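The structure appears right after this line, and notes come after that.
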Amino acid sequence: MRDFIIFGLLFVGLTKLVHAQDFQGEATYFSKTSVRIDLSGRNIPEDRKQQMLKRMKEANERTYTFDFDRTSSIYKEEEKLEQPGNDSGGRRFGMMGATGGDYYKNIPEGTYISKNDLFGKIFLVQDSLPKMEWKLGDETKKIGNYTVYKATATKSIKRPNMGAMFRRGSDDDKNKGDEFTEKQVEITAWYAPEIPVNQGPGDYWGLPGLILEVNDDITTILCTKIVLNPKERIEIKAPQKGKVVTQAEYDEISKEKMKEMRENFRSRGGNRGGGRRP
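Quick note on numbering: the sequence shown equals residues 1 to 278 in the UniProt record's numbering.
Here you go:
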């Protein structure tokens, strides 16, 4: 039913500890995004197509650590070791997805700080937390030792338009401004009332219990391990180094970088496809 294995969740501590004022937790989440791109008909050798698709798939499978308390949290991607002989191409295709770098939430203030690495330049995106109108349902299931409840909401999601980047076309086609696509999707979340914090992975929050799983149209984020009140106290700090921008400013910068990346790819593709010779 799933493409990955749900690991057993580790429960540490008694229920009364959950209600302690200094309650903390640390969790691990696995995120998987489906790659939807059609390279058929492109002037790319078949072995190269398969290599690109494999790298894009690997770039969109990530593991995150999530430290949280009642008021704040930090969501960090675990670094992957590059395989021998691999360049960073696949990572480049996955780097601008829905989930970016370190993501810090301050619930009482309703703000977030996201640390994003965009082609080697660090940005600190500071803005108001997105609010979702959750609809609570009665459906339940088990994730590890926890009974979780279903909640749904709609959300506008903006993603890089990878198909446009690979599409060959005239100069006019290149200037259509289609580096990103945006659409309304239904979000399904599963939360655990046994862990009474309104926290969740990435920019998800606002439910009466920790969100252990969340799905949109192409991405699934699943909690694979959780420890409540670990022996060593967790220090939750907001990211601090990087150029400070708003979300709207960062989106515009990303759009320009995607356009540049798309045009560079098309230029290289044209040369391989028998363009002008020097």
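Backbone N, C-alpha and C fix where the C-beta goes; we use that ideal spot for every residue, glycine too.
These numbers come from a predicted model, not from an experiment.
message: When you compare the CB positions of I74 and I236, do they come within less than 7 Å of one another, or not?
response: Reading the sequence shown from its first residue, position 74 is the one you call residue 74. Reading the sequence shown from its first residue, position 236 is the one you call residue 236. The beta carbons of I74 and I236 sit closer together than 7 Å.
task: Please check the pair F23 and N229, which I expect to be a contact at CB under 8 Å, by giving their CB distance rounded to whole angstroms.
output: Translated into the one-based positions of the sequence shown, residue 23 becomes position 23. Translated into the one-based positions of the sequence shown, residue 229 becomes position 229. The beta carbons of F23 and N229 sit about 6 Å from each other, so the pair counts as a contact at 8 Å.
- prompt: Is the number of C-beta pairs between the stretch 144-157 and the stretch 179-189 that are closer than 8 Å three or more?
  reply: Pairwise C-beta distances place the stretch 144-157 in contact with the stretch 179-189, as three or more of them are shorter than 8 Å.
message: With three or more C-beta pairs closer than 8 Å as the rule, is the stretch 125-142 touching the stretch 107-114?
response: They touch, by the three-pair rule.
message: I need the straight-line Cα distance from T28 to D67, nearest angstrom please.
response: Translated into positions along the sequence shown, residue 28 becomes position 28. Translated into positions along the sequence shown, residue 67 becomes position 67. Straight-line measurement puts the Cα of D67 at about 9 Å from the Cα of T28.
query: Does the beta-carbon of D217 have 16 or more other beta-carbons within 10 angstroms, so that it is buried, or is it exposed?
result: Here residue 217 refers to the residue found at position 217 of the sequence shown. So D217 ends up on the exposed side.
task: Could you tell me how far apart the beta carbons of W190 and Y149 are, in whole angstroms, since I believe they sit closer than 8 Å?
output: One-based indexing of the sequence shown puts residue 190 at position 190. One-based indexing of the sequence shown puts residue 149 at position 149. Contact between W190 and Y149 holds, with the beta-carbon distance rounding to 7 Å and staying under 8 Å.
- request: Ignore the nearest five residues each way along the sequence and tell me which others in M261's own chain have a CB closer than 6 Å to its CB.
  value: Residue mapping note: residue 261 aligns to position 261 of the sequence shown, counting from 1. So the list is empty, once near-sequence residues are dropped.
message: Between G101 and I226, how many whole angstroms is the CB-CB distance? I'm expecting something under 8 Å.
response: Translated into positions along the sequence shown, residue 101 becomes position 101. Translated into positions along the sequence shown, residue 226 becomes position 226. For G101 against I226, the beta-carbon gap comes to about 22 Å, at or over 8 Å, which does not count as contact.
query: Between S31 and I221, is the Cβ-Cβ spacing less than 7 Å?
result: In the sequence shown, residue 31 corresponds to position 31, counting from 1. In the sequence shown, residue 221 corresponds to position 221, counting from 1. Cβ distance < 7 Å, so S31 and I221 count as in contact.
- prompt: Going by beta carbon distance, what residues of the same chain come within less than 6 Å of E61, once the five residues before and after it are set aside?
  reply: Counting from 1 along the sequence shown, the entry for residue 61 is found at position 61. Only K32 meet the Cβ criterion.
- request: Could you tell me the distance, in whole angstroms, from the CA atom of G209 to the CA atom of G200?
  value: The sequence position of residue 209 within the sequence shown is 209, counting from 1. The sequence position of residue 200 within the sequence shown is 200, counting from 1. For the pair G209 and G200, the Cα-to-Cα distance works out to about 9 Å.
- prompt: By a C-beta neighbour count over all protein chains shown, 10 Å radius and 16 as the cutoff for buried, is N116 buried or exposed?
  reply: Along the sequence shown, read from residue 1 onward, the residue named residue 116 stands at position 116. It is buried - the Cβ of N116 has at least 16 other Cβ atoms within 10 Å.
query: If you draw a straight line from the C-alpha of A151 to the C-alpha of E139, how long is it?
result: For the purposes of this step, residue 151 is taken as residue 151 along the sequence shown, with counting starting at 1. For the purposes of this step, residue 139 is taken as residue 139 along the sequence shown, with counting starting at 1. Answer to the nearest angstrom: the Cα atoms are 9 Å apart.
- request: Please confirm if F119 has its CB atom under 7 Å from at least one CB of chain B.
  value: Looking at the structure shown, chain B is missing, and only one protein chain is on hand.
task: Please check the pair Y104 and P239, which I expect to be a contact at CB under 8 Å, by giving their CB distance rounded to whole angstroms.
output: As a first step, residue 104 must be located in the sequence shown, where it is residue number 104. As a first step, residue 239 must be located in the sequence shown, where it is residue number 239. About 6 Å separates the two Cβ atoms, so the contact holds.
- prompt: Going by the CB atoms, is the gap between Y64 and E79 shorter than 7 Å?
  reply: Taking the sequence shown and counting its residues from 1, one reaches residue 79 at position 79. Taking the sequence shown and counting its residues from 1, one reaches residue 64 at position 64. No, Cβ-Cβ distance for E79 and Y64 is not below 7 Å.
task: List the endpoints of the continuous beta strand (DSSP E) containing S34.
output: Numbered from its first residue, the sequence shown carries residue 34 at position 34. Secondary structure note for S34: it is in no beta strand (DSSP E), with a DSSP letter that is neither H nor E.
message: Going by DSSP in three states, R62 sits in which element: helix, strand or coil?
response: What you label residue 62 is simply residue 62 of the sequence shown in a count that begins at 1. In the structure shown, R62 sits in a strand (DSSP, three-state: E or B).
message: Quick test of your reading: W134 and L207, contact by CB under 8 Å. State the CB separation rounded to the nearest angstrom.
response: Numbered from 1 along the sequence shown, position 134 holds the residue referred to as residue 134. Numbered from 1 along the sequence shown, position 207 holds the residue referred to as residue 207. About 6 Å separates the CB atoms of W134 and L207; that is less than 8 Å, so the two are in contact.
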